[in-house]
Every structure is written in C-alpha cells, then in structure tokens.
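Residue numbers (our numbering), protein chains in the order written: chain P, 34 to 216; chain C, 52 to 515.
Structure, as structure tokens:
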C-alpha cells in the first residue's frame, strides 16, 4: 500500500470500540470537543446524535433531488410537446396539438422517476460507494459494526493525531478496546 | 365530570422483550445464511415452479397462436389480461403504503413488515407487467407504441392516451420500488457480508453491499434520502392506481366513466394489498418463528387497515349504484341493474359478500387477534378483489349500446393457465427472496431494541 509511506504514523487511525450507543455518542462528543475533526463513527443502525456529535450534516442531497425532479419535469414537458407538436402532429378528436392537461400524468411520473434516481445515485456517489476496501475492515472485530458494536475512529491525518496520546485519550472515553488500524 | 383521569393506553410492544442487537441480527440473518430451510419452503417453491412452468406453456402457445386462444372478442375486448393486471398492481400498493406512507406517519409497527411487503410489491408489479406485455400476443411489436424512441417508421406514442400514462406510471413505480427496496437492503447486505463464513457468499453479499460500513456520514445521507424516497413514493403510489383507473374512466363506457374511480381504485388497491400482506405474513412468521418481530399487534393493525379500506371500497360500490340511479341516464341505470341482476349477477353478489360482508368480521377483536381468523378473511378478500375487477371490466362491456352486439365472456383454459401461472411466478420469486435476502429489515429492527433508546424518557414508545 502506497499510502502507508505517506502517513506519518504508519497507521490509518485508531479505532475505539463501544458496547452501546450512548457511550459512543458521549465519546464522539468529547473527541470533537477535544479538537479532533477527522473522526467518524460506525454503528449498526442510524444514530442521529452520532452524526451531530461529529459535526456532520450534509444538505446537498436535497438540492440534488430537487434538480433531479426538475430535470424529470422538463424532460416530460419537452418530450411530449416535441412529439405532438413537431415530430408527429396528429389530430386526435379535434383537440389542440398542445393539449397540455393530458400531458400532466407523464410529466408527473418522470418528475418522480428522475428525483428518485437522483436521490439514490446521489447518496451512493456522495458516500463514495461502492468502496470495497476500507482500512477499518482490517480490524477483525470491525465486522461487528454491522451487528451489535459501536466504533469511533480518529484518522491519523488529523493534525492533532498522535499515536500514543490519542490512544490514551480514547482509552479514557470508556472504550472497551482501542485498536490501531492498518492502512 | 370534573377532572376525568387521562385515559392510559399502553400498546403492546412492537418487539418481544429480551431482544438485543445481536439476537435480532442473528435471528433474521440466520434464516438466509443457514444451509437448512424448513420443509415447507421446498414444498412451496416446488409447487410455485411447477405452476410457473404452466405459465411458460400458456405464453408459448399464445405467442405461437395469437390472442385467439383467449376468451376475448367483441363486445368484451378486454378480459383476463387487464383484470389480472389491475389485480396484481393493486396488491403491490400495500407494500409502498407500508414502506413509505407509514414511515412518514411515524408508524413504528411498519418496521417489522416493510421488507417483505416491499418484496411483495416488486414481485406483484412484475406479474402485473407481464400482462400488458403479452396482451397483444405479439410482444416484439409492443416497443414502438409503448416507449418513445426514434424508430424507422418515424412514429411516436400517443401521449394523450391513458394507456401510455399507464406505461409511464407502472414502469416508474417498478423502478422506484426497486430503488427503495435496494437502498433499504444495503445495510442488511453488509450485515450478511460480515456474518457469512463462506468466502463466495461473503463476496456475493459484499458486492451488493457496495462496501457499506455504517459510517455516521453515510448514515446521515442515507436517512436523508430514505425520507425523501418515502416522500416521493407517497404521491407516486397514489398516482399509479389513479392512472390505472384512468384506463377505464377516460373511456365513455357506462360503468367505467365515473369520477369516483381514482379514489375508489386506490382504496381497493390498498385493501387487496393488505389482504395479501396478511396472507404472506401469517404463514411466514409461523414457519420461520418470527413471532417475536411480527407480533399480534402487527397483525391486528393490518386487520384494522383492511377493515377501513374495505369500508372505503364498500362506499365506492354504493356510490356506483347511486350514480346509476341518480344520473337518470338510462345506459348508466341499465348497466348497474344488469350488473346486479344480469347474467353475471352471481359474480356481483359474490364480490359484495367477499369485499363488504366478510371484512365486517374484523370489528370483533377476537377475529382480529386470531391468525386463523385474519388469514381466512384475507383469503376471501383476495378472491373478492379479483372478482371486483372482473365485474368492472366484463359487465360494463358485455351489454353494448345496441342489443344486437350483446355477448358473453368466459376465460378459456389458456386465460386461466396464464392467471394461475402468475400466482406460481409470484410464489417462486417470493420464496427465492425469503431464501436469499433478510425478510425483515435487520437494521431498522435494531432501532426498536430497548438498548437503542438514547434518552431515558418515561414511556418512550413513540410509535403508537
């Protein structure tokens, strides 16, 4: 691994393990208060307090989904108007070529379709997925992050990170175990 | 009365006491990763596959001979294909109602049932989609008038037709349901990846889980779009059966051309869907021992939704009859009179029995809290909702405006084989899903565990 040489401490970070969500959130708050910023928590289910504790709130997806919806709406309007007025104008029951009320259902469906696709693709891309490899997976106990354990990581590229003192700090947070994470 | 005591109502817990994060994960994930399945799984999947084979036969013969093998003719040009299409697509609606609308309404009890209900939606929509695809007997010609793509004939679909709206509504519905389902599955796939011991099983789930690791940053975006998807699915699901009802109500056939159709169809869809969720949930929880997660309270709530939507459907039937009389239009009047007393009278009255009278049993708490009672009512409603679509389609068409063009309609053996065949397809897909994916959302169930409570607030059960 090339990154191993670039990391000053030779490790990716320090992983602290907790048994319950309250301990995790309390530890995350104290780690954030101690000035660490390159931190993350891992939990088997979403914990709102956890991402608040590490100071993360990404609102970009709202706009991405809105943009997706608007794109869908415009696609619906553009497609139907173009088909019925330009590409293939046919007189149906004497209705005007631009009989827009009849174009509403397809516009609506395309709005929803594009917005939903934008939501899911946006979430996956912003989360940096698919990402088959992550250093945290090197820790054997980390597989319980998807079962019943809670983890807090401090990454080694955090300016405050120090292999020794950060480990001591994490141990002082009631972590049941603190492990070094191989890059 | 002065100072009446506030009524205290403690609902039954949504998850039996004593469960931890680990026990939930192991219990639900264990079904998938175990190398053993109950005998009933093999029985159902074998029967399902045999019936699906029959579907294959029926479709092959259809493609060789054309729609002449079916019972449709003039005046009844719409038969089993549209009846089955509407029936199946309606069944799907309960899954979206549970996963999206009940999520927005903060109904905690949806958590135990949303995963397999969403699976049911997807498989039901697949069964539904088969019918428009094959109903011309020449599916390879269906592309250019269904989907807008530049073709060598330079012709385009007719966007003023409700049938095209239907194509867009159903394909959007299928795509969005699949996305919603998959997004919900990602954290559970990660659980399976981490739990699996066989390297190939691990890799398969690992690839599908996209490397999910439960990061708080990921969870925040995940929860954000999960809620947005629920918000998008809610109007979508209401629009789908509305558009399906437009297939009828935009036409000027007496019995179809009614403004009551959209709400009445949507209610009927949810009604049929909840009956199907009950039909699936009651045996599943028994066979896989999931009574701790799908409790009696869940079943009772579903029974209540079935009763309410059943009453809305009953209101729809009454309105139809009232319109027929009050419109003073002799064609409308004749249609409803013919529906009740004409050659298909037995269909109409069986449907009244199935859809209006039978669910009234659910007023009784003992019926509502008995798996057998609920299952019996649900099965009757399943049949009743199919009959409803038969009555709407056939009785409206078979007495044309001129008596010289009156006729009768009966499904042929090929119609029945196709219909029953889709039941086999549904069973097969559903039981494959039970085998390979967790039938209950594991990560959402963890949030219901007592240990997940972040605040020690008294009576912290927010899911009433």
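Note that CB positions come from ideal geometry on N, CA and C, so glycine has one too.
Values in this document were obtained by computation on a predicted structure and should not be read as measured data.
Three-state secondary structure assigned by DSSP to residue i
i	result
residue 137(C)	helix
residue 123(C)	coil
residue 283(C)	helix
residue 266(C)	strand
residue 46(P)	strand
residue 193(P)	coil
residue 117(P)	helix
residue 172(P)	coil
residue 213(C)	helix
residue 500(C)	coil
residue 123(P)	coil
residue 419(C)	helix
residue 179(C)	helix
residue 342(C)	coil
residue 208(P)	coil
residue 411(C)	helix
residue 204(C)	coil
residue 196(C)	helix
residue 406(C)	helix
residue 67(C)	coil
residue 506(C)	coil
residue 475(C)	helix
residue 164(C)	coil
residue 157(C)	coil
residue 128(P)	coil
Test: residue i CB closer than 8 Å to a CB of chain C
i	result
residue 181(P)	yes
residue 55(P)	yes
residue 129(P)	no
residue 94(P)	yes
residue 79(P)	yes
residue 103(P)	no
residue 133(P)	no
residue 155(P)	yes
residue 160(P)	yes
residue 37(P)	Note that residue 37(P) scores 45 on pLDDT, short of 50, meaning its location in the model is unreliable; the coordinates nonetheless yield the value given after this. Chain C contact via Cβ: absent.
residue 168(P)	no
residue 216(P)	no
residue 146(P)	yes
residue 209(P)	no
residue 189(P)	no
DSSP bridge partner residues for residue i (one or two, in chain order)
i	result
residue 183(P)	51(P)
residue 73(P)	186(P)
residue 213(P)	47(P)
Chain P contact for residue i (CB, 8 Å cutoff)
i	result
residue 248(C)	no
residue 207(C)	yes
residue 403(C)	no
residue 399(C)	no
residue 163(C)	no
residue 158(C)	no
residue 310(C)	no
Alpha-carbon spacing of residue i relative to residue j, whole angstroms
i	j	result
residue 178(P)	residue 338(C)	29 Å
residue 118(C)	residue 399(C)	27 Å
residue 188(C)	residue 302(C)	23 Å
residue 445(C)	residue 451(C)	11 Å
residue 341(C)	residue 168(C)	15 Å
residue 63(P)	residue 365(C)	59 Å
residue 202(P)	residue 215(P)	19 Å
residue 485(C)	residue 128(P)	51 Å
residue 62(C)	residue 162(C)	16 Å
residue 319(C)	residue 143(P)	25 Å
residue 403(C)	residue 435(C)	8 Å
residue 84(P)	residue 189(P)	20 Å
residue 109(P)	residue 136(C)	25 Å
residue 471(C)	residue 227(C)	27 Å
residue 390(C)	residue 413(C)	28 Å
residue 118(P)	residue 105(P)	20 Å
residue 295(C)	residue 183(C)	12 Å
residue 500(C)	residue 66(C)	7 Å
residue 289(C)	residue 68(P)	49 Å
Integer-rounded CB distance, given that residue j should sit under 8 Å from residue i
i	j	result
residue 103(C)	residue 475(C)	4 Å
residue 321(C)	residue 293(C)	With 8 Å as the limit, residue 321(C) and residue 293(C) do not qualify as a contact, their Cβ atoms being about 13 Å apart.
residue 50(P)	residue 173(P)	Going by Cβ atoms, the distance from residue 50(P) to residue 173(P) rounds to 11 Å, so no, they are not a contact pair.
residue 349(C)	residue 92(C)	About 22 Å; that fails the 8 Å criterion.
residue 428(C)	residue 164(C)	About 17 Å; that fails the 8 Å criterion.
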